[in-house]
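If you number the sequence shown the way the working numbering does, the last residue is 723 and the count never jumps. Following: one structure in structure tokens, then a few remarks.
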Amino acid sequence: MANNLLKGKKGIIFGALNDMSIAWKVAERVVEEGATITLTNTPLAVRMGATTDLAEKLNAKLIPADATKVEDIENLFAQSMEVLGGKVDFVLHSIGMSPNVRKKRSYDDLDYSMLNTTIDVSAISFHKMLQVAKKMDAINEWGSVLTLTYMAAQRTMFGYNDMADAKAMLESITRSFGYIYGREKNVRVNSISQSPTMTTAGSGVKGIDKLLDFAERMSPLGNADADDCANYCVVMFSDLTRKVTMQNLYHDGGFSSMGMSLRAMMQYEKGFDEFKDEEGRIVYG
Ligand SMILES: NC(=O)c1ccc[n+]([C@@H]2O[C@H](COP(=O)([O-])OP(=O)(O)OC[C@H]3O[C@@H](n4cnc5c(N)ncnc54)[C@H](O)[C@@H]3O)[C@@H](O)[C@H]2O)c1
């Protein structure tokens, strides 16, 4: 249901890889709400094709950019302002990748060059994007910038690995840059901490099926899916949230405020045998 919440607004959406991507749903929803956008992803992802289909469907220019490369981001903002006819009103940073997770390196056996890549792609790219935007004065006053994060930044979650460190940094950049960008340009910067969601990045997380199921049962409202997230992004890009900035906004059906539900408590002591050795000691998990 469209309410014209973003009528006349212009934006850039990073990270739509395929129709499961959260950014894909956000792109569709913001256009439905009256915005015009450009889309961006890595040159490799662009060559793979699916994002091109989305660009055609939404009548949006697709501009390749590796978000770890400052010159690519500069080109992206310059081209976007040219195509859209001026400064933008909103940006979605929906990017995450860990080579350690991909290569199944455990957190106590990290490869440090891979860790650098995880942090560069998943956290520092947000700083680069904000710094370029501010230097180019590419975002209108009262513009809104969002990034997507996960609760493992605050609480240890099995299998999230070095992405937890990247997300903690990402949320810190949100606050630190949000202060400066708000003070100088009235631009707001927030992170949305999303439920586990079955996407290409999400499916890399060890045990994602069970995590999804656990979070679904633990959250009073159930998990928020990618469509729910797109709706939340629309509100955060709209003028209805002009004074919200530097926040980490949980969007998880209540999961982050739960300690223990009755159902979880009842289930908890069942089926631990596979994690015990012959002497009954817990060996893993
Ligand atoms: N899926 C989940 O469970 C979940 C939960 C909370 C937060 N998030 C976050 O949501 C965001 C989007 O992920 P998703 O789940 O939609 O998965 P996704 O795999 O669809 O999206 C990740 C995107 O990052 C892009 N990317 C990777 N390296 C890049 C680079 N160097 N430059 C530019 N783009 C690059 C990929 O091409 C892809 O489009 C990520 O930040 C992710 O951590 C996901």
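Think of the CB as a built atom: it goes at the ideal place given N, C-alpha and C, for glycine as much as any other residue. Since the model is a prediction, treat every value here as computed from it, not as a measurement.
Quick one, which of the options has its alpha-carbon nearest residue i's?
{"i": "Ala-702", "options": "Ala-516, Asp-690, Thr-474 and Leu-649", "result": "Leu-649"}
{"i": "Gly-520", "options": "Ala-493, Asp-546 and Thr-476", "result": "The sequence given here has Glu at residue 520, not Gly. Of the candidates Ala-493, Asp-546 and Thr-476, the one whose C-alpha sits nearest the C-alpha of Glu-520 is Thr-476."}
{"i": "Thr-587", "options": "Ser-694, Ser-631, Asp-546 and Lys-495", "result": "Ser-631"}
{"i": "Lys-644", "options": "Asn-497, Tyr-688, Tyr-545 and Ala-465", "result": "Tyr-545"}
{"i": "Asp-666", "options": "Phe-652, Asn-442 and Glu-466", "result": "Glu-466"}
{"i": "Gly-524", "options": "Thr-490, Met-486 and Glu-579", "result": "Glu-579"}
{"i": "Asp-677", "options": "Gly-453, Asn-624, Arg-719 and Lys-714", "result": "Asn-624"}
{"i": "Ser-699", "options": "Phe-652, Asp-558 and Ser-614", "result": "Phe-652"}
{"i": "Met-704", "options": "Glu-717, Met-486 and Arg-655", "result": "Arg-655"}
For residue i versus residue j, is the C-beta distance shorter than 8 Å?
{"i": "Leu-608", "j": "Ala-639", "result": "no"}
{"i": "Leu-492", "j": "Gly-472", "result": "no"}
{"i": "Thr-478", "j": "Ala-503", "result": "yes"}
{"i": "Lys-463", "j": "Ala-668", "result": "yes"}
{"i": "Ser-633", "j": "Phe-693", "result": "yes"}
{"i": "Met-696", "j": "Ser-657", "result": "yes"}
{"i": "Lys-573", "j": "Ala-591", "result": "no"}
{"i": "Phe-675", "j": "Lys-499", "result": "no"}
{"i": "Gly-620", "j": "Gly-660", "result": "no"}
{"i": "Ala-576", "j": "Phe-515", "result": "yes"}
{"i": "Val-570", "j": "Glu-622", "result": "no"}
{"i": "Thr-474", "j": "Leu-522", "result": "yes"}
{"i": "Tyr-670", "j": "His-689", "result": "yes"}
{"i": "Val-672", "j": "Val-468", "result": "yes"}
If you drop the 5 nearest sequence neighbours on each side, which residues of the same chain put their C-beta closer than 7 Å to that of residue i?
{"i": "Asp-663", "result": "Thr-635"}
{"i": "Asp-549", "result": "Asn-538 and Arg-543"}
{"i": "Ala-454", "result": "Ala-461, Trp-462, Ala-465, Leu-477, Asn-479, Thr-489 and Leu-492"}
{"i": "Ser-551", "result": "none"}
{"i": "Ala-615", "result": "For clarity, residue 615 is Phe in the given sequence; the question names Ala instead. The answer, listed in chain order, is His-565, Leu-568 and Val-627."}
Near residue i, which residues of its chain fall below 6 Å by C-beta distance, leaving aside the five closest residues on each side in sequence?
{"i": "Ile-450", "result": "Thr-476, Ser-518, Val-526 and Val-529"}
{"i": "Phe-596", "result": "none"}
{"i": "Asn-456", "result": "Ala-488"}
{"i": "Leu-553", "result": "Asp-600"}
{"i": "Ser-459", "result": "Thr-637"}
{"i": "Glu-470", "result": "Ala-440"}
{"i": "Asn-442", "result": "Gly-472"}
{"i": "Asp-715", "result": "Val-721"}
{"i": "Ile-557", "result": "Ala-604"}
Who are the Cβ neighbours of residue i in its own chain at under 8 Å, not counting the five residues just before and after it?
{"i": "Thr-480", "result": "Pro-502, Ala-503, Asp-504 and Ala-505"}
{"i": "Thr-679", "result": "Ser-582, Arg-626 and Val-673"}
{"i": "Thr-594", "result": "Ala-602"}
>> Any contact between the stretch 506–514 and the stretch 566–584? By contact I mean 3 or more CB pairs, one from each, below 8 Å.
In response: yes
> When the Cβ atoms of the stretch 529–546 are set against those of the stretch 600–607, are three or more pairs found closer than 8 Å?
Replying inline: yes
>> For the stretch 612–632 against the stretch 674–684, do three or more pairs of beta-carbon atoms, one drawn from each stretch, fall closer than 8 Å, so that the two count as touching?
In response: yes
> Is the stretch 536–548 in contact with the stretch 574–592, if contact means three or more CB pairs nearer than 8 Å?
Replying inline: no
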